[in-house]
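Let me begin by presenting the structure, written as structure tokens, before commenting on it.
Chains as they are written, first to last, in my numbering: chain A, 12 to 350; chain B, 17 to 521; chain C, 36 to 407; chain D, 3 to 328.
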């Protein structure tokens, strides 16, 4: 039954540098450059050394952003991760103070994150009727609740604890040249996470699920297993985030990680990942994360009111999702006028 | 004779970004007639309906209602002018009650307060007049498709519409449900209302309409008296060319049994279902909607978990726990709902075709895009998909071509042994239907086992070697090609002593 | 075409946002400057005046002294900052006041990192957590920045000196004495604290508990519960109401936190409860509730002057930077109009104590409620 | 008509099962600490959760359209701070006018949300997340690090004093209005219609954009009102007030059976959901559970309620299937 009409279907992908530059990622790179120019312009102290030195606390969040990107591509959401960072950080500190060697404490930290993620994944895949927003709203309160109870029962009370043995953390906080170790870790984790999402069958499955869960299931994709993996992965990365956050704070308290979930979602959305699923990629989110980090550092060095920075980020977020919608409507109108 | 025209449209043109959906079309509707509107998918029928009902505003043209020119600014205007539409997909509110669905937009309001009691009573009256078997307070989401359709008709009646438009109302209905609908429509006509009826089914048209208007490629082709036009001429008008031999079923010597299902049971859906397929055989599976056909097949393919039952492929028992197990064994399902289950509409055609096999093409987990593109192109050309590039989104294709992409997706799975096609021609036009039948015939010739689920009697009679009929979750009989008639199928589909109303629970 | 439009629009919009942000925020940073002078001045006037003076100077290269408060939007911090600013500007120095976006150590870390980048000469920190700032403050010290703390201390080895509003035991004694006085020497009383991790709250509570054990004078007093209101009005209200319901014989609530005491005062006064309240509170917040009669819930309470605390930290910063003091016990310096201070060694850490807590009662509250 | 089993009745009526949960909760807490059931205490549950009760009504409307609004407490803070400062700087002291101004601020904030979500087709969570940062930041900026304290709002706070009827009257009126509007008016039913099937709503002539904008505006109005009430009840205005409490409001709706996918939910359910949230936070200190257990228990209850609901529905479906004759 070879093509009776002899119709030929093109299979040549469109690749032009111009179209790549004009894509969302292209725009983000322009903005990143612009932000850095702005930084240099408004602050005499905005240089490579200072920016890299101020970065680690923000870098920790970027680990989590990769995982959140996966979850958003799936069309899900997870608002429990900020609290999970708190929980993972807390058990790490408490176990270390109880005498666990640093290596074990690291394992405990990552395991706590992983287990938290697995709990989310378990509930989300066993009770598919529940929107993930609700599930993770519940676990958000629970994770922080567990941390609070731990502080009271195993810690010294007072909702805060600091590592007494900081040798291991100091090692992680070291720098190679001007670059903190966490910077390399973020780049490596980013390279892996970006490649997996963009180039592998696993990544393609995520997009399939995010675009049409039912069709993906009918096409033989193990939808629930993949969702479970992604939640666990995000949990693990939250553990990693907690670990690297510890290299900056050397302790944990009940407010640790507060608001992180919204910040990483904002990074993803600003980077072009749609909360409705199936759209966007981590490269955009990665650039967007650095835009926000650089912007915060630049404005911070200018001693701009921290709340004003939040207002700016809020505006950027809305503008970044509104512009495509508006320009889409505009071009549609234009086309209509032409025909 | 001065015609008593209730509705007339002249030179209507409607443009969407980039496409002319309607190009100077005309239409006349007499008072008290049932007028069929036919044409292939994409001919512009649905757009035309939306112009009449005020959902879309036409760029050019005039519309006359009872001789007076009207301009509708929105659906509300059309409603008030006495035009009501029942759309292709029931446009109901699943979480709301039947009463609310019926009266949405024209509630019975006294000084700002909705009068639920009187509305419920009125709804009950409407439902009674339609012989409906559900209550006004039932939630619509819990009703069957046929029942939902009835709600839609009740909704049209509640506005006391003079003109009622039915857009493919029988597409989701079984034969006897359709029959009930015919009666209702005839009664509406006898009450003096005018009906515009869109359908792909010729039986609908012959049964009901007195005149038929044909659209093709956004243009008006002509209006004919149903009694005065032959089937072939009508098809020619719709397709633009002649179609001969609708069902290209060849006689093939059947091979050995390739596939067998034994004692499939899933509580509440189907019970003890068994059937078998030989190599090169097309097996039909039919019955009323709700009889458990799709549900059985979904359990066979691992989509849902059956309570018990065995599946044998080439004599060996398979353990199927999830869709992937069935696909790996070579049992390929073309699901009923192309748009929701078969395709990812926002994706390019190529990616859709290679979705199930991307893992096999991949190197160490990395996608081999080049190999994927080549394979997709090959398969899409093989089924003669009308597309420009493999990168265009599946949503840009017509229903028939979307179905071809689904077929190409199945063909891409090289280990395919058994193909299960669930309603493969649902909602696609005559030309594309024939092409699907041809593909089916060729697959049979190549020795695949084919299972075809269908509610359309002509095609199942035309294509199948054997037909299994299901009724209320059980196989009620198996008919050979030689002994099959419409009556026999109907008889087996109906439960003895029951009126055959789906499986509402 | 469409994508080009997107990038263009987005870039423009972003640039506009940033410009707008910078324009408005330059004024914001500087706003505290003018505020210290004129408390009642309209905020609009502050901005314009301050923008001219403080903003350009922030990076002028001279000696810059920084203060990191607990968080933005807190009047106690605001008064403290105004005192700090006043003291330093009187000596011709430049001031940077940083209010973190939230009352968390994380937010303080970002702010301190930024100050290190700016190369300020000293940083005075009001710590949100005793230990979480260890790393960043060590980094600041290594960069040659003098680090000191005020109001809430951090780990002693990460800073030179702590400007303490009052000694822990002093506050413990004062509050305990107040409880003794209000209960009449015997009966049930409870504590309403802020968050369970607030270091100075916990230290004061511990001091009070110790005092009760060691001094037989307090033997008949019965501390029934320490409740935590998390410095949230709603939760503090819930907790106060629960205390009243659970302990019908309760005589006194002691709330050593400004948010908690105001919430508790309102509950008691609204309910016309006979339970009396004391603790640490801002006069401006508490003016409504202070009085000797039954219509008022709080007969008297204590606090130190946050403006003076800020001033002390300001003078200490200057003394540290110009080398007058090093932070060692026994160092002496003059803190402007506040007088002479000596660094003392208390509980193994170096501290400067502002003075005893100040008592606010009906006789002086009207005078102070407009000050802070 | 066949009689429904108790289980069936419960699974079909979310409100009925919530009432049972409530009664159990009340009995357990009441046995441990009888003073919990006192009139004062129950009155205080309403007073202390006035804001949650009030905003839950708006969240009900928003969630009925399959949306969400996480900017509400920021709107609340912005509106509350604004009217607090008006009093602090002695610009305005008229209680009624202050309410009007707070409500207007809320309406403007909500309207912006609505217009961007309806016309710009921006996902509600993203749009409101943006405004969550913006309004909270604005509250800080206008506060200029000051609070409006008890002294500043002296006369005004009498309105929300413990024992004053104001907040209860507002709650009762709001609940009556919403109960009537949601069930018996066209506007209310339109909200349900839009959430149930947006496309169908469009076709049947409902102005979807206007309904969406309206819903978010109502939410904003209630958040603004809550801001004013908050200042009145707690006699102070701080820029960080009610931080993070939007999750309580959402949780109240979810417990009350409002579906996040739209079209399902009732005023009565919302009321019960908010009541359960209120009782939990009020009861824990009274049954001598240490404070630090509160979050853990709250989280577990939220998850338990929603999961229990899924499980009962599954069992009912299963039973229905078993009953089906074959």
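Note that CB positions come from ideal geometry on N, CA and C, so glycine has one too.
Chain-ordered neighbours of residue i on chain B, where CB pairs are closer than 8 Å
i: residue 213 of chain A; result: 381
i: residue 323 of chain D; result: 283, 284, 285, 521
Chain B within 8 Å of residue i, Cβ atoms only
i: residue 137 of chain A; result: no
i: residue 187 of chain D; result: yes
i: residue 265 of chain D; result: yes
Proximal chain D residues relative to residue i, where beta-carbon distance stays under 8 Å
i: residue 407 of chain C; result: Result: empty, since nearest Cβ-Cβ is about 11 Å, beyond 8 Å.
Contacts of residue i in chain A (Cβ-Cβ under 7 Å)
i: residue 371 of chain B; result: 219, 230
Contact set between residue i and chain A, taken where Cβ atoms lie within less than 9 Å
i: residue 393 of chain B; result: 19, 20, 21, 22
i: residue 339 of chain B; result: 228, 229, 230, 231, 232, 233
8 Å Cβ cut-off: residues of chain E touching residue i
i: residue 152 of chain D; result: In summary, chain E is missing from the structure at hand, where the protein chains are A, B, C and D.
Cβ distance (whole Å) where residue i is taken to contact residue j below 8 Å
i: residue 59 of chain B; j: residue 233 of chain B; result: 6 Å
i: residue 239 of chain D; j: residue 149 of chain D; result: 6 Å
i: residue 302 of chain A; j: residue 39 of chain A; result: 7 Å
Cβ of residue i within 8 Å of any chain C Cβ
i: residue 131 of chain A; result: no
i: residue 284 of chain D; result: yes
i: residue 170 of chain D; result: no
Residue i, DSSP secondary structure in three states
i: residue 124 of chain B; result: coil
i: residue 242 of chain D; result: coil
i: residue 194 of chain A; result: helix
i: residue 386 of chain C; result: strand
i: residue 141 of chain C; result: helix
i: residue 68 of chain C; result: Reliability fails at residue 68 of chain C, whose pLDDT of 36 lies under 50, so the model's placement of it is uncertain and the value that follows must be treated cautiously. Residue 68 of chain C: helix per DSSP, three-state reduction.
i: residue 268 of chain B; result: coil
i: residue 503 of chain B; result: helix
i: residue 68 of chain D; result: coil
Sequence-distant residues of the same chain with beta carbon closer than 6 Å to residue i, five excluded per side
i: residue 69 of chain A; result: 304
i: residue 264 of chain C; result: 227, 270, 271, 274, 295
i: residue 197 of chain D; result: 66, 67, 68, 264, 265
i: residue 296 of chain D; result: 286
i: residue 464 of chain B; result: 435
Neighbour list for residue i in chain D, Cβ cutoff strictly below 7 Å
i: residue 46 of chain A; result: Correct list: empty, because the minimum Cβ distance to chain D is about 18 Å.
i: residue 404 of chain C; result: 153
CB contact check: residue i to chain A, cutoff 8 Å
i: residue 287 of chain D; result: no
i: residue 132 of chain D; result: yes
i: residue 79 of chain C; result: Note that residue 79 of chain C scores a pLDDT of 37, beneath 50, so its modelled location is shaky; the value from the coordinates is reported in the next line. Chain A, which has no Cβ nearer than 8 Å to the Cβ of residue 79 of chain C, makes this no.
Residue-chain proximity (residue i, chain D), Cβ-Cβ < 8 Å
i: residue 397 of chain C; result: no
i: residue 307 of chain A; result: no
i: residue 314 of chain C; result: no
Sequence-distant residues of the same chain with beta carbon closer than 7 Å to residue i, five excluded per side
i: residue 30 of chain B; result: 37, 38, 63, 67, 72, 74, 75
i: residue 361 of chain B; result: 355, 409, 410, 411
i: residue 391 of chain C; result: 201, 205
Interface residues of chain D facing residue i [CB-CB closer than 9 Å]
i: residue 527 of chain B; result: Absent from the structure is residue 527 of chain B, since the part of chain B shown begins at 17 and ends at 521.
Contact set between residue i and chain B, taken where Cβ atoms lie within less than 7 Å
i: residue 171 of chain A; result: Those within 7 Å of residue 171 of chain A in chain B number zero; the least Cβ separation is about 44 Å.
Interface partners of residue i on chain C, CB under 8 Å
i: residue 236 of chain D; result: 268, 269, 272, 298, 301
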